[in-house]
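Residue numbers (the working numbering): 1 to 367.
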Ligand code: NAI
Ligand code: MG
């Protein structure tokens, strides 16, 4: 037993393929004296096949007690016919909900070797390293009242943006804590010019800052202006904190500044546990990619970088996280590309496992 517990849920489609490459990285750290107490279980369609549910109570209980959960992807066409209540996605949603993971972290980071891959000018994205924190458990996706009602002879669609002070305060704290481990700068985005919930958002973020994090540089921006600034000069930002809806859009926008779905990690964090570590779920942004599953075409980097985020945010192993990111950059600099990273000029892609092996080789060469 170690004091670092990790639950691995590979899931469906390319999930197990990319997770196999993460296992190589985990094993390599084990040989360097940084061991993890790893357990593995089913989630999503494969869990439904085995147990008739996309997430068993036993797996849920295990997820609640480990330091970090690392998930591959869930879903696939085979499960489209299932009832909504047992769809693979329900397994993931249950994890997020019961662990109360309110802070969704989506980095937008440019690996030097891929700066040409961006749709923006190289000098706008080269060296880019920003983090978007999206509030994940409240806001307009959950607010009541909601629905489609009849008013006179027409239908009216209703959703409610609703945030309590404590919901804003806790995600603000996540942002300030994170900023202290990075560039010490937070930009909060809302639309306080037209939304009362935005006014409250701005006030609470400022209050938490003044009372608890005066050392962190804080600015506020309207979310629409933020979208413009993200495409014009993204390097002005370090940590961006925003609500569920704006965060959904801005994190997708920021992610595409730098590259491919196969490169994008994420973390979802909740409240600190007794040992001080936050409840945490790490997963690539991509899905189960049924179109390429089983063909050794999947890019394992998004999942490997998700593990790097676990090193940094759950295990306080920032230097080791950086070592993984440096190894990824090095293999890309060598010209290794999975199929999703091939430009229109083409070339010969490497397989999922060749990419994983190359990253481990770079790790080994770095010591
Ligand atoms: P997707 O992310 O699985 O795939 C979109 C496209 O990107 C596909 O062409 C795929 O081949 C490619 N792609 C994705 N990840 C890649 C990787 N690592 N390397 C190379 N290429 C990659 O999204 P899609 O097609 O909308 O959904 C497929 C299934 O995944 C559905 O069942 C969906 O419900 C599920 N899904 C699951 C998610 C999760 O587990 N968090 C998130 C999104 C979708
Ligand atoms: Mg989205």
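Every residue gets a Cβ at the ideal spot worked out from N, C-alpha and C, and that includes glycine.
Can you tell which of 16, 32, 195 has the C-alpha that lies nearest to the C-alpha of residue 75? 16
Identify, in the order they occur along the chain, each residue of the same chain with its Cβ nearer than 6 Å to the Cβ of residue 168, setting aside the five sequence neighbours on each side. 201, 204
From the DSSP output, which residues share a beta bridge with residue 269? 103, 280
For residue 109, the residue or residues it bridges with in DSSP: 129
Taking just the CA atoms, how far does residue 120 sit from residue 232? 9 Å
Which first and last residues belong to the alpha helix (DSSP H) in which residue 42 is found? Run containing residue 42: none; DSSP gives neither H nor E here.
Helix, strand or coil for residue 82? Go by DSSP, reduced to three states. coil
Within 10 angstroms of its Cβ, does residue 301 collect 16 or more other Cβ (buried), or is it exposed? buried
Looking at residue 329 and residue 112, is the spacing between their C-beta atoms short of 8 Å? yes
Nearest-angstrom Cα separation, counted from residue 133 out to residue 240: 6 Å
Nearest candidate by alpha-carbon position, reference residue 235, set 199, 186, 276: 186
In chain order, each beta strand (DSSP E) run of at least 3 residues that lies wholly inside the region 3-40: 5-11, 37-40
Looking at the unbroken alpha helix (DSSP H) that takes in residue 256, where does it start and where does it end? 244-258
Give me the Cα-Cα distance between residue 318 and residue 40, rounded to the nearest whole angstrom. 24 Å
For residue 360 and residue 25, which I take to be in contact (beta-carbon distance under 8 Å), what is that distance rounded to the nearest angstrom? 6 Å
N-terminal and C-terminal residue of the alpha helix (DSSP H) that residue 231 is part of: 223-232
Measuring straight from C-alpha to C-alpha, what distance separates residue 238 and residue 183? 6 Å
Does the beta-carbon of residue 286, which I'm using as the reference point, lie nearer than 7 Å to any heavy atom of the ligand NAI? yes
Just to check my reading of the structure: residue 213 and residue 269 have Cβ atoms closer than 8 Å, yes? What is that Cβ distance to the nearest angstrom? Between residue 269 and residue 213 the Cβ distance is about 17 Å, and since that is not below 8 Å, they are no contact.
With a CB to CB cut of under 7 Å and the five nearest residues on each side skipped, what residues in its chain are close to residue 19? 8, 10, 72, 303
For the region 137-149 and the region 287-298, state whether three or more C-beta atom pairs, one from each stretch, are separated by less than 8 Å. no
Could you check whether the Cβ of residue 235 sits closer than 8 Å to any Cβ belonging to chain D? Annotation note: the requested chain D is absent from the structure, which comprises a single protein chain.
Sub-8 Å separation of residue 255 and residue 364 beta-carbons: no
In chain order, what residues of the same chain lie with their CB nearer than 6 Å to the CB of residue 178, ignoring the 5 residues before and after it? 239
In or out: residue 347 buried (at least 16 other Cβ within 10 Å) or exposed? exposed
When the distance is taken between beta carbons, is residue 194 closer than 8 Å to residue 161? no
Heavy atom of the ligand NAI within 7 Å of residue 340 beta-carbon: yes
Have a look at residue 3 and residue 282 and give me their C-alpha separation to the nearest angstrom. 18 Å
Kindly list the residues whose CB is nearer than 6 Å to the CB of residue 324, restricted to its own chain and excluding five residues on each side of it in sequence; keep chain order. 308
Out of 263, 67, 207, 32, which has the shortest C-alpha to C-alpha gap to residue 271? 67
From what residue to what residue does the alpha helix (DSSP H) around residue 329 run? 318-333
What did DSSP end up calling residue 292 once you bin it into helix, strand or coil? coil
6 Å CB neighbourhood of residue 117 in its chain, flanking five on each side removed: 259
CB residue 49 to CB residue 279, shorter than 8 Å? no
Burial state of residue 192 (16 or more Cβ within 10 Å): buried
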